[in-house]
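Written below as structure tokens is the structure these notes are about.
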Amino acid sequence: AERYMRIHIESAHHSVFEYLLAMDKKLTGLTEHQKKLLSLFYQGKSDKEIQKELGIGSASTIRHHRFALKEKERQAKIFLALMELLKEKDKHAPAFVPVHKTATMVDERYNITQEEEEQMVKRYFSDGVLKNFPAKEKQRIVILRKISNHLKSDYFYDERELNQILKDIFEDYVLIRRYLVDYGFLNRTPDGSSYWKNK
Numbered sequence: 033a034e035r036y037m038r039i040h041i042e043s044a045h046h047s048v049f050e051y052l053l054a055m056d057k058k059l060t061g062l063t064e065h066q067k068k069l070l071s072l073f074y075q076g077k078s079d080k081e082i083q084k085e086l087g088i089g090s091a092s093t094i095r096h097h098r099f100a101l102k103e104k105e106r107q108a109k110i111f112l113a114l115m116e117l118l119k120e121k122d123k124h125a126p127a128f129v130p131v132h133k134t135a136t137m138v139d140e141r142y143n144i145t146q147e148e149e150e151q152m153v154k155r156y157f158s159d160g161v162l163k164n165f166p167a168k169e170k171q172r173i174v175i176l177r178k179i180s181n182h183l184k185s186d187y188f189y190d191e192r193e194l195n196q197i198l199k200d201i202f203e204d205y206v207l208i209r210r211y212l213v214d215y216g217f218l219n220r221t222p223d224g225s226s227y228w229k230n231k
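Residue numbering for the sequence shown follows my numbering, starting at 33 and increasing by one per position.
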């Protein structure tokens, strides 16, 4: 699975750096200008080359941008440390379900507490069978996560095998399979012959 993921990232995005840089502003907190600068820095271009390519007045402006990005990095590290310390002390904060690493677009739909998740699973499943597929995105995420837990990690399913597993959970297994891929719970080869659970 890791090999296929690496191949996909390299073929579609050229590098993990470019993949991360292409993520939505909500996730990165970066402006388009900052993304362009980071891309040029990553390419190993000198301040003079960047100045010329972007039509920026002076090399000192590029140095200022480098400093601002370093400052942003420092702030992010401190914020992460604060949040980790807060987790240790804040006993009243609801326990949120972690977002799976390969989620395709993280937004408020992923703002799900463990209590909400348990309630949704009870409402939509009966003896491991999905009663109906929810219309609301937040509920879909919970349902798809639960279904993905039935799949083995580090295992490649052919389409027929995956269909049988999903058919035992919900009659419209094609819909479930498509959403598992769309939401980043599953990955597949371009021809759809092999599927695997994302980590």
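Beta carbons: idealized from backbone N, C-alpha and C, even for Gly.
| Asked | Found |
| --- | --- |
| Opening and closing residue of the beta strand (DSSP E) in which N181 lies | Per DSSP, N181 belongs to no beta strand (DSSP E) and is neither H nor E. |
| Any alpha helix (DSSP H) of 4 or more consecutive residues that is wholly inside the segment 59 to 133 | 64 to 74, 79 to 86 and 91 to 121 |
| Range covered by the alpha helix (DSSP H) that runs through Y227 | Run containing Y227: none in the alpha helix (DSSP H); it sits in the beta strand (DSSP E), S226 to K229. |
| 8 Å contact criterion, which Y74 and F49 should meet: CB distance rounded | 5 Å |
| Beta-carbon gap between N143 and K123 smaller than 9 Å | no |
| DSSP three-state assignment for F188, whether helix, strand or coil | strand |
| Exposure of H97, with buried meaning 16 or more beta-carbon neighbours within 10 Å | buried |
| Cβ pair count under 8 Å reaching 3, the segment 199 to 207 against the segment 158 to 172 | yes |
| Where N164 sits in the DSSP three-state scheme | coil |
| N219 - containing beta strand (DSSP E), residue span | L218 to R220 |
| Beta-carbon contacts of S90 that lie in its chain and below 8 Å, excluding the five residues immediately before and after | Q83 |
| Cβ separation of F157 and K178, assumed to be a contact under 8 Å, to the nearest whole Å | 7 Å |
| Sequence-distant residues of the same chain with beta carbon closer than 8 Å to I201, five excluded per side | G160, V161, L162, I179, H182 and I208 |
| First and last residue of the uninterrupted alpha helix (DSSP H) at F202 | First-last for F202: undefined, no H or E at that position. |
| G160: CB within 8 Å of a non-hydrogen atom of the ligand ZN | Among the components of this structure there are no ligands whatsoever, and the ligand ZN is therefore not found. |
| Best match in I173, S226 and K121 for proximity to T145 [C-alpha to C-alpha] | I173 |
| Cβ-Cβ distance between E81 and L72 below 9 Å | yes |
| Close beta carbons around K199, own chain, < 8 Å, minus the five adjacent residues each side | Y205 |
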